[in-house]
Amino acid sequence: MASEGDASQLIGMVTLLGAAVVAVPLFKRLGLGSVLGYLAAGLAIGPYGLGLVADARTILHVAELGVVMFLFIIGLEMKPSHLWNLRGQIFGLGSLQVALCALLLTGVGVGFGFPWQVAFVCGAGFVLTSTAIVMQVLAERGDILAPRGQRIVSILLFEDLLIVPLLAVVAFLAPADAAPAAAAPLWQRVGTGLLSLGALAAAGLWLLNPLFRVLAKAKAREVMTAAALLVVLGAALLMELGGLSMAMGAFVAGVLLSESSFRHQLEADIEPFRGLLLGLFFLGVGMALDLDVVARDWRLIGLGVIALMLAKALCIYGVARFAGSGRADAIDRATLMAQGGEFAFVLFAEALRLTVISPAINADMTAIIVLSMAITPLVVAVRKRYARAESASLDGVEAPQDLRGNVLIIGFGRVGQIASQGPLARGAELSIIDNDPDVVRNAARYGFKVYFGDGARADVLRAAGARHAQVILICVDDPVAATRIVENARRECPHTRLVVRAFDREHALELVRLDADHVVRETFEAALLMGRHAVLALSATDQEADDLEAEVRGRDTERFALETAGGTFAGRALLLGNIERIDPPRHDRKPGTPVPPENGGG
Numbered sequence: 006m007a008s009e010g011d012a013s014q015l016i017g018m019v020t021l022l023g024a025a026v027v028a029v030p031l032f033k034r035l036g037l038g039s040v041l042g043y044l045a046a047g048l049a050i051g052p053y054g055l056g057l058v059a060d061a062r063t064i065l066h067v068a069e070l071g072v073v074m075f076l077f078i079i080g081l082e083m084k085p086s087h088l089w090n091l092r093g094q095i096f097g098l099g100s101l102q103v104a105l106c107a108l109l110l111t112g113v114g115v116g117f118g119f120p121w122q123v124a125f126v127c128g129a130g131f132v133l134t135s136t137a138i139v140m141q142v143l144a145e146r147g148d149i150l151a152p153r154g155q156r157i158v159s160i161l162l163f164e165d166l167l168i169v170p171l172l173a174v175v176a177f178l179a180p181a182d183a184a185p186a187a188a189a190p191l192w193q194r195v196g197t198g199l200l201s202l203g204a205l206a207a208a209g210l211w212l213l214n215p216l217f218r219v220l221a222k223a224k225a226r227e228v229m230t231a232a233a234l235l236v237v238l239g240a241a242l243l244m245e246l247g248g249l250s251m252a253m254g255a256f257v258a259g260v261l262l263s264e265s266s267f268r269h270q271l272e273a274d275i276e277p278f279r280g281l282l283l284g285l286f287f288l289g290v291g292m293a294l295d296l297d298v299v300a301r302d303w304r305l306i307g308l309g310v311i312a313l314m315l316a317k318a319l320c321i322y323g324v325a326r327f328a329g330s331g332r333a334d335a336i337d338r339a340t341l342m343a344q345g346g347e348f349a350f351v352l353f354a355e356a357l358r359l360t361v362i363s364p365a366i367n368a369d370m371t372a373i374i375v376l377s378m379a380i381t382p383l384v385v386a387v388r389k390r391y392a393r394a395e396s397a398s399l400d401g402v403e404a405p406q407d408l409r410g411n412v413l414i415i416g417f418g419r420v421g422q423i424a425s426q427g428p429l430a431r432g433a434e435l436s437i438i439d440n441d442p443d444v445v446r447n448a449a450r451y452g453f454k455v456y457f458g459d460g461a462r463a464d465v466l467r468a469a470g471a472r473h474a475q476v477i478l479i480c481v482d483d484p485v486a487a488t489r490i491v492e493n494a495r496r497e498c499p500h501t502r503l504v505v506r507a508f509d510r511e512h513a514l515e516l517v518r519l520d521a522d523h524v525v526r527e528t529f530e531a532a533l534l535m536g537r538h539a540v541l542a543l544s545a546t547d548q549e550a551d552d553l554e555a556e557v558r559g560r561d562t563e564r565f566a567l568e569t570a571g572g573t574f575a576g577r578a579l580l581l582g583n584i585e586r587i588d589p590p591r592h593d594r595k596p597g598t599p600v601p602p603e604n605g606g607g
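In the working numbering, the protein residues as written are 6 to 607.
1) Taking the DSSP output, what are the residues bridged to residue 524?
2) Hey, could you find the ends of the alpha helix (DSSP H) residue 132 is sitting in?
3) Taking only the alpha-carbon atoms, compute the straight-line gap between residue 257 and residue 237 and give it to the nearest angstrom.
4) Round the Cβ separation of residue 290 and residue 44 to the nearest angstrom and send it over; I've been treating them as touching at under 8 Å.
5) For the 8 Å Cβ check, are there 3 or more pairs between the segment 368 to 382 and the segment 157 to 175?
6) By Cβ distance below 8 Å, which residues in the same chain neighbour residue 471 in space, the five residues on each side in sequence not counted?
7) So if DSSP puts residue 476 in a beta bridge, which residue, or which two residues, is it bridged to?
8) Please state whether the Cβ-Cβ distance between residue 274 and residue 208 is less than 9 Å.
9) May I ask you to list the residues that DSSP assigns as paired with residue 4?
10) Taking the straight line between their C-alpha atoms, what separation do you get for residue 313 and residue 374?
11) Excluding sequence positions up to five away, which residues of its chain have a Cβ less than 7 Å from the Cβ of residue 51?
12) Using the three-state DSSP reduction, which class does residue 186 fall into: helix, strand or coil?
13) Do the CB positions of residue 338 and residue 356 come within less than 9 Å of each other?
14) Given this structure, state the Cα-to-Cα distance separating residue 481 from residue 228, to the nearest angstrom.
15) In terms of alpha-carbon separation, which member of 567, 548, 434 lies closest to residue 514?
16) Looking at residue 569: is its Cβ nearer than 9 Å to the Cβ of residue 518?
17) Let me confirm a value: residue 512 is counted as buried when at least 16 other C-beta atoms fall within 10 Å, else exposed. Which label applies?
18) DSSP state of residue 456, grouped into three classes?
19) Beta-carbon within less than 6 Å of residue 129's beta-carbon, same chain only, minus the 5 sequence neighbours each way: which residues are those?
20) Go through its chain and collect everything with a Cβ distance to residue 156's Cβ below 6 Å, but skip five positions before and after it.
21) Applying the 10 Å Cβ sphere with the 16-neighbour rule, what's the burial state of residue 164?
22) Quick one: any contact between the segment 301 to 321 and the segment 109 to 117, if contact means 3 or more CB pairs under 8 Å?
23) Could you name the residues of the same chain whose beta carbon sits closer than 8 Å to that of residue 408, not counting the 5 residues immediately before and after it, in chain order?
24) Please list the terminal residues of the continuous alpha helix (DSSP H) segment that includes residue 427.
25) Tell me which same chain residues have a C-beta within less than 7 Å of the C-beta of residue 47, skipping the five on either side of it?
26) Which residue comes first and which comes last in the alpha helix (DSSP H) that contains residue 314?
27) In chain order, what residues of the same chain lie with their CB nearer than 7 Å to the CB of residue 448, ignoring the 5 residues before and after it?
28) Where does residue 407 sit, in a helix, a strand or coil, going by DSSP?
29) Candidates 281, 389, 424: which alpha carbon is nearest residue 23's?
30) Verify whether the separation of the beta carbon atoms of residue 438 and residue 484 is less than 9 Å.
31) Evaluate residue 185 with the Cβ neighbour count: other Cβ atoms within 10 Å of its Cβ, from every protein chain shown; 16 or more gives buried, anything less gives exposed.
32) For residue 549 and residue 529, I'd like the C-alpha separation in whole angstroms.
33) Tell me whether the beta-carbon of residue 545 lies closer than 9 Å to the beta-carbon of residue 553.
34) Helix, strand or coil for residue 180 per DSSP?
35) Alpha carbon to alpha carbon, how far is residue 81 from residue 350?
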């Protein structure tokens, strides 16, 4: 029979999971992101909220493994050669940003009236960005492997390397009568760290792959999962013993396994633990916010959050612009990295132990760090909402003016680029427009002159020479925009042939009703080709495959004609299905009834 203590622990676990399950979907629905949902849930159930869970520090310590596993997965995506190519960003961009931010934030602390030693420790702690917050937001946006994401990851890696020298600086700043530290000399600590890195590299190069080959032959899936966890936690422990960051150890282990044939299996095994523990980490951060401290020193804490975040954001923006990033990327990096991070807690704890800072300053700075971490997802969400209205940079692009091509292409993405090749091979003169400035600029590298303009506007169609074109290819990937372009083009140039990319079958029917000459459903031809390969794999001859493809194409054409005249389900009887029909197909459904996914067709 379970004891009262066991029941209490179970209630705590259920409370944590329930808070996450309720808060995260709600905040994502509001467009505020999952991180803010976790933080709000942690604040609500924590010791300074409803008091449903009391031990926030223990939860936070355990949940740091989520950050560790996240860095392991990122390491799996980075081969050593790629990491070597990032060395300039890691040590150059990273060191420049850290040095300038530390100097500026120390100045902010001095401006608040603190001694320079205390101001430096507080500023240096705030320089260390939250890896968990930033990586989670990048993952949700799909930006981790993008160039701007790689620059941010590089800076985070450099900051992770700073924890040992910063702890050494704190020891140097400690007063002579501070509690004696059992810490070894700096040279010994650096040597231990390098030795730990060397041991991890040796294990990764010569032990891990043979280990996983042996386990794979055993065909015990649960043992492979246990081995994946062993690698991550073992690497983190080795770095911890060496005085380095646990997350750094996991990242290095991931990089060493990035070229392994077991990489995808490892990622699949770790991912569920990573997501759960990272969510638990954010819950712990929310629970760690001491509302009593905030209420007591609300003026100092509020001004501190604003001053430190603004100063750090301005510094990051300036460094990004100096390093050649565009304005939008620089603002994005400044917005995303303007908070303090989880490593600040380690730095402040050591500074408190050595009496460099007082307990009151430690409590206030901890509250400032937690609040900055909580504010960041909100700031990112607000910027995302208002960034949509910002006009993209039009540097290097040109608007159309009195073009005279006999083929006009609207939209020059994947479809437009491929569609252009046939007319070019025929010797046609192309006029091309697109409403994305990046597409316009990048197309020049491949020998295309693309003009910037929105094809849904009648004046842009006239300037692009729609009336002089024999055919207009409408290749945009937005169904609403494609429909509007067809309406305007048919009104502006009624005799020009319109070849239009359709999103799906219903969109194609709508375009036909608007008098488009040729409608190409974007998935239809690819799906037919896949079906042909499937038939050939079933031992059909090439002639049989051709005949079957012709039959399917004929059925679809006949069905589409019936649907054009009679509604969505008019041609349903022509579909081949894998369910034996007892009753004849019904044709009494109301037009506009949603088509089941299995019968809707592309």
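C-beta atoms are modelled at their ideal positions from N, C-alpha and C, and glycine is treated no differently.
In this structure, then:
1) Answer is 505.
2) Annotation: the continuous alpha helix (DSSP H) that includes residue 132 extends over 121 to 132.
3) Rounded to the nearest angstrom, the two C-alpha atoms are 10 Å apart.
4) The C-beta separation of residue 290 from residue 44 comes to about 6 Å, placing the pair in contact by the 8 Å criterion.
5) The answer is no - the segment 157 to 175 does not touch the segment 368 to 382, with fewer than three Cβ pairs under 8 Å.
6) Excluding the 5 residues flanking it on each side, residue 471 has same chain C-beta neighbours closer than 8 Å at 413, 477, 494, 497, 498, 501, in chain order.
7) Looking at the DSSP output, residue 476 bridges to 412, 502.
8) In this structure, the beta-carbon distance from residue 274 to residue 208 does not fall below 9 Å.
9) For the chain, the structure presents residues 6 to 607; residue 4 sits outside this window and is missing.
10) Straight-line Cα distance between these residues: approximately 10 Å.
11) Result list for residue 51: 58, 61, 291, 292, in chain order.
12) Residue placement at residue 186 is flagged as unreliable, the pLDDT there being 47, under the threshold of 50; the coordinate-derived value follows with that caveat. Taken through DSSP and simplified to helix, strand or coil, residue 186 comes out as coil.
13) It is not a contact, given that the beta carbons lie outside the stated cut-off.
14) For residue 481 and residue 228, the distance between alpha carbons rounds to 49 Å.
15) The option with the nearest alpha carbon to residue 514 is 567.
16) Yes.
17) Counting Cβ neighbours within 10 Å, residue 512 comes out buried, since at least 16 surround it.
18) Strand.
19) In chain order, 107, 171 place their CB closer than 6 Å to the CB of residue 129, counting only its own chain and leaving out the 5 sequence neighbours on each side.
20) Excluding sequence neighbours, residue 156 sits near 94.
21) Classification of residue 164: buried, given that the 10 Å Cβ count is 16 or more.
22) By the Cβ test, the segment 301 to 321 is in contact with the segment 109 to 117, since at least three Cβ pairs between them sit closer than 8 Å.
23) Within the same chain, residue 408 has close Cβ partners 436, 456, 468, 469, 470, 473.
24) From DSSP, the alpha helix (DSSP H) with residue 427 extends over 426 to 430.
25) Apart from sequence neighbours up to five positions away, the residues of its chain that approach residue 47 with a beta-carbon distance below 7 Å are 287, 288, 289, 290, 291, 292, ordered along the chain.
26) For residue 314, the uninterrupted alpha helix (DSSP H) segment begins and ends at 303 to 327.
27) Leaving aside the five residues that flank residue 448 on each side, the residues in its chain whose CB is nearer than 7 Å to its CB run, in chain order, 417, 455.
28) Residue 407 falls in the coil class under three-state DSSP.
29) Put simply, of 281, 389, 424 the residue whose alpha carbon is nearest the alpha carbon of residue 23 is 281.
30) Contact flag unset, no.
31) For residue 185, the pLDDT reaches just 47, beneath the cut-off of 50, and the residue's location in the model is therefore unreliable, although a value from the coordinates is still provided. So residue 185 ends up on the exposed side.
32) Near 20 Å, if we compare the C-alpha coordinates of residue 529 and residue 549.
33) A distance below 9 Å separates the beta carbons of residue 545 and residue 553.
34) Residue 180: coil per DSSP, three-state reduction.
35) The straight-line gap from Cα to Cα measures roughly 28 Å.
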